[in-house]
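Notes follow once the structure below has been shown.
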Amino acid sequence: MRARWIERWDGPLLDGERPKPRPGSGEVLVAVEACGVGLTVLNCIRGNLGDDPADLPRIPGHELVGTVAEVGPGVDPDWVGRRAMAYFYLLCARCRRCLAGAESMCERLAGHVGVHRDGGYAEWTVLPERNVVPLPEGIEATAATVIPDAIATPVHVAGRARIRPGERVAVIAAGGGVGIHMVQVARVYGAEVAGLEASAEKLDYLERVLGVPAADSTDFAGVRLPAGWGDGPDVVVDLLGTEASLEWGLRTLGPDGRLVLLTTFPGRTVSVSPREMVFRQQTVVASRYASRSELMFGARLVAEERVRPVVGRVAGPGDVDGLHDALRRGDLLGRGALTWTDRQ
Ligand SMILES: [Zn+2]
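Numbering (this note's numbering), first residue to last: 5 to 348.
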């Protein structure tokens with residue numbers, strides 16, 4: 005099968021033929037239709053989510069969607085022919101937290117799709133049955149690639165931050181893969197939303213296409229939130245994770261406000277004043293990926309056209325490298341997608 009893969013962490017993405025995998029016990033074989041391309045994939049390739057040489061060679065890509073073509077022993081054959089999307093975390097599905105629906109906090113987490121086992125940068129991939137979630141019919145493949153992370157993650161944020169109707173939500177890096185869906189999901193929850201961005205194209209898309217008031221955050225000191233947001237947002241979602249963005253979030257947050265953290269850059273710190281936070285009864289809350297039921301809810305939001313998948317650029321297997329370059333430059337609107345056609 006055609007695949008793109010790495011033979012060392014942070015190494016080049018090779019292009020060629022790999023053996024087509026077969027599903028083992030409890031596994032399914034997926035004919036990959038498309039795979040999302042975002043900053044997390046670049047992080048995975050760099051080895052930031054695991055860099056054990058024993059895990060090489062590795063086919064990256066976790067936001068994959070496709071059709072189940074074959075099942076291994078012990079798996080319901082009813083899966084065959086059904087469309088599915090991958091759940092990113094290699095959960096156990098049996099521990100206390102998995103059973104409570106908090107699968108991203110699994111006590112026996114075995115790693116990640118595209119890091120600790122092969123992902124969607126190939127025509128075919130094999131996943132544990134517990135890592136596939138049904139995808140409704142009628143959603144085009146490249147559009148569907150944003151569901152398992154770029155939409156599911158915002159759904160999880162909405163729950164973590166307890167976004168309520170009428171609240172004001174400011175999203176930092178609102179034109180990126182997660183941000184551009186975060187602004188839409190927050191509106192599904194009834195919030196009034198503003199998006200912060202540093203690029204003119206992304207600011208324009210937010211305002212003109214999505215109708216989201218956008219603020220230029222090239223310099224956080226100059227950010228102008230919508231008139232009427234006098235005492236600050238109820239929720240700030242920080243998808244950028246720089247010291248400047250974190251400090252802006254803490255400083256700008258209104259009374260009873262929640263600052264949501266999602267980034268994991270090593271060594272980043274920010275100081276908080278307990279006195280100020282208590283007087284203003286504020287909360288800092290971290291949010292980690294999503295649950296499988298949140299993936300299903302995300303798919304329903306797309307099927308019902310309540311969230312519009314934003315895929316700025318689609319590439320074939322031979323030119324996904326250009327997509328990676330665009331991501332590194334920060335000039336990709338929304339997510340990218342790798343599409344698989346002419347499967348043998
Ligand atoms: Zn578990």
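The beta-carbon is built from N, C-alpha and C at its ideal position, and this holds for glycine as well.
These figures come from a predicted structure and were not determined experimentally.
Exercise. When every heavy atom of ligand 1 is checked, does at least one fall within less than 6 Å of the C-beta of R112?
Worked result: The residue you call residue 112 lines up with position 108 of the sequence shown. Yes, the Cβ of R112 comes within 6 Å of a heavy atom of ligand 1.
Problem set entry | Close-in-space but distant-in-sequence residues of the same chain around G51 (CB under 6 Å, 5 per side omitted) | In the sequence shown, counting from the first residue as 1, residue 51 sits at position 47. Take G51, set aside five residues on each side of it, and the residues of its chain with a beta-carbon closer than 6 Å to its own are W13 and D14, in chain order.
Exercise. Under the three-state reduction of DSSP, which class applies to G322: helix, strand or coil?
Worked result: Residue mapping note: residue 322 aligns to position 318 of the sequence shown, counting from 1. DSSP, read as helix, strand or coil, puts G322 in coil.
Exercise. Are any of the Cβ atoms in chain B nearer than 7 Å to that of G180?
Worked result: Chain labels in this structure do not include chain B; a single protein chain is all it has.
Exercise. Going by DSSP, which residues form a beta bridge with V36?
Worked result: Here residue 36 corresponds to residue number 32 of the sequence shown, with the count starting at 1. BP columns for V36 point to G70.
For this session: With hydrogens ignored, establish whether the beta-carbon of L94 is closer than 6 Å to any heavy atom of ligand 1.
Result: Along the sequence shown, one-based indexing puts residue 94 at 90. Because no heavy atom of ligand 1 lies under 6 Å away, the Cβ of L94 does not count as near it: no.
Exercise. Leaving out five residues before and five after R191 in sequence, what residues of the same chain have Cβ atoms less than 7 Å from its Cβ?
Worked result: Taking the sequence shown and counting its residues from 1, one reaches residue 191 at position 187. Contacts found: V197.
For this session: Have a look at E144, V241 and G124 and flag the residue whose alpha-carbon is nearest the alpha-carbon of K380.
Result: Nothing about residue 380 can be read from this structure; the chain reaches only from 5 to 348.
Exercise. C99: beta carbon under 6 Å from a heavy atom of ligand 1?
Worked result: For this step, residue 99 is matched to residue 95 along the sequence shown. Flag set: Cβ of C99 near ligand 1.
Exercise. Where does I151 sit, in a helix, a strand or coil, going by DSSP?
Worked result: Sequence index remark: in the sequence shown, residue 151 carries index 147 (1-based). If DSSP states are grouped into helix, strand and coil, I151 belongs with the helices.
Exercise. Does ligand 1 have even one heavy atom less than 6 Å from the beta-carbon of C39?
Worked result: For this step, residue 39 is matched to residue 35 along the sequence shown. The answer is no for C39.
Exercise. What is the C-beta distance between L131 and V119, in whole angstroms, given that I count them as a contact (C-beta under 8 Å)?
Worked result: Position 127 of the sequence shown, counting from 1, holds the residue named residue 131. Position 115 of the sequence shown, counting from 1, holds the residue named residue 119. Taking 8 Å as the upper bound for CB-CB distance, L131 and V119 are not in contact here, some 13 Å apart.
Problem set entry | Contact the segment 163-181 vs the segment 258-267: 3+ CB pairs below 8 Å | They touch, by the three-pair rule.
Exercise. Would you call the segment 171-184 and the segment 291-304 in contact, with 3 or more CB pairs under 8 Å?
Worked result: The segment 171-184, when compared against the segment 291-304, does not touch it at the 8 Å Cβ threshold.
For this session: Tell me where the beta strand (DSSP E) around E11 begins and ends.
Result: Position 7 of the sequence shown, counted from the first residue, corresponds to residue 11. Here E11 belongs to no beta strand (DSSP E), and DSSP marks it neither H nor E.
For this session: State the CB to CB distance for the pair V41 and A290, rounded to an integer number of angstroms; the pair is presumed to be in contact (CB under 8 Å).
Result: What you label residue 41 is simply residue 37 of the sequence shown in a count that begins at 1. What you label residue 290 is simply residue 286 of the sequence shown in a count that begins at 1. The beta-carbon separation of V41 and A290, rounded to 25 Å, does not stay under the 8 Å limit for a contact.
Exercise. Between which two residues does the beta strand (DSSP E) carrying I176 extend?
Worked result: For this step, residue 176 is matched to residue 172 along the sequence shown. R172 to I176 is the span of the beta strand (DSSP E), which, as asked, contains I176.
For this session: For G326, collect the residues of the same chain with a Cβ closer than 7 Å to its Cβ; drop the 5 residues on either side in sequence, then sort them by chain order.
Result: As a first step, residue 326 is located in the sequence shown; it is residue number 322 there, counting from the start. Closer than 7 Å at Cβ, skipping near neighbours: A319.
Exercise. Measuring CB to CB, does R8 end up less than 7 Å from L17?
Worked result: The residue labelled residue 8 in the question sits at position 4 within the sequence shown. The residue labelled residue 17 in the question sits at position 13 within the sequence shown. Taking a C-beta distance under 7 Å as the contact criterion, R8 and L17 qualify as a contact pair.
Exercise. Should the segment 202-221 be regarded as contacting the segment 144-156, the criterion being three or more beta carbon pairs within less than 8 Å?
Worked result: The segment 202-221 makes no contact with the segment 144-156: fewer than 3 CB pairs, one atom from each, lie closer than 8 Å.
Exercise. Which of the three DSSP states, helix, strand or coil, is assigned to L265?
Worked result: The residue given as residue 265 occupies position 261 in the sequence shown. Reduced to three states, the DSSP call for L265 is strand.
For this session: Could you tell me the distance, in whole angstroms, from the CA atom of A231 to the CA atom of L53?
Result: Your numbering for residue 231 matches position 227 in the sequence shown. Your numbering for residue 53 matches position 49 in the sequence shown. When the Cα atoms are used, A231 and L53 turn out to be separated by approximately 41 Å.
Exercise. Of all the alpha helix (DSSP H) runs that stay within the bounds of the segment 204-261, which reach a length of 4 or more residues?
Worked result: For the segment 204-261, whole alpha helix (DSSP H) runs of length 4 or above, ordered along the chain, are 204-208 and 247-256.
Problem set entry | At least 3 beta-carbon pairs within less than 8 Å: the segment 273-293 vs the segment 306-324 | Segments in contact, no.
For this session: Using 6 Å as the cut-off, classify the Cβ of C102 as near or not near the heavy atoms of ligand 3, replying yes or no.
Result: In the structure shown, ligand 3 is absent; the only ligands present are ligand 1.
For this session: Check the C-beta distance from G334 over to G181 and give it rounded, since I have them as a contact under 8 Å.
Result: Walking along the sequence shown from the start, residue 334 turns up at place 330. Walking along the sequence shown from the start, residue 181 turns up at place 177. The Cβ separation is near 11 Å, so there is no contact.
Problem set entry | Residues that DSSP places opposite V289 in a beta bridge | Taking the first residue of the sequence shown as position 1, residue 289 is located at position 285. Residue pairing by DSSP places V289 opposite V264 in a beta bridge.
Exercise. Excluding the five sequence neighbours on either side, which residues of its own chain have a C-beta within less than 6 Å of the C-beta of T256, listed in chain order?
Worked result: Locating residue 256 in the sequence shown gives position 252, where the first residue counts as 1. These residues qualify, in order along the chain: G236.
For this session: Work out the CA separation of I63 and L243 for me, nearest whole Å.
Result: The residue you call residue 243 lines up with position 239 of the sequence shown. The residue you call residue 63 lines up with position 59 of the sequence shown. Roughly 26 Å between the two C-alpha positions.
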